[in-house]
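Input: a single structure, listed below in structure tokens.
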Amino acid sequence: MQIWREEVFGPVLSVKTFTTENEAIELANDTDYGLGAAVISKDLERCERLTKALQAGIVWVNCSQPCFNQAPWGGNKRGGIGRELGEWGLDNY
């Protein structure tokens, strides 16, 4: 199996099966990039655990990519450069 190691901008849907929550976290964090992630679950305690464990600039819960101009936006690791949006982003420009 070939593993893609370049940052991809989409829309892209990556589907991978896993057995445990820890395995899912390891799969999600096994990248040099970390712009954004989403957790979809009815279990809010699971959502909280995963948002803390995922290495991403932002982690959405039960949605994907809403835009809040008041909050800074940016990635983690090699995903994205700097922060944008909000007063914090304006200060950087």
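Residue numbering for the sequence shown follows our numbering, starting at 1024 and increasing by one per position. Virtual Cβ for every residue (Gly too), placed ideally from N, Cα, C. Everything numeric in this text was worked out from a predicted model, so none of it was measured.
- Counted as a single uninterrupted DSSP element, the beta strand (DSSP E) harbouring residue 1081 occupies residues 1081–1084.
- Only exposed fits residue 1038, as fewer than 16 other CB atoms lie within 10 angstroms of its CB.
- As the crow flies, the alpha-carbon of residue 1051 is around 13 Å from that of residue 1080.
- Counting C-beta atoms within 10 angstroms of its own C-beta, residue 1035 has fewer than 16 neighbours from the protein chains shown and is therefore classed as exposed.
- With a threshold of 16 other beta carbon atoms within 10 Å, residue 1082 meets it and is buried.
- Collapsing the DSSP output to three states places residue 1075 in a helix.
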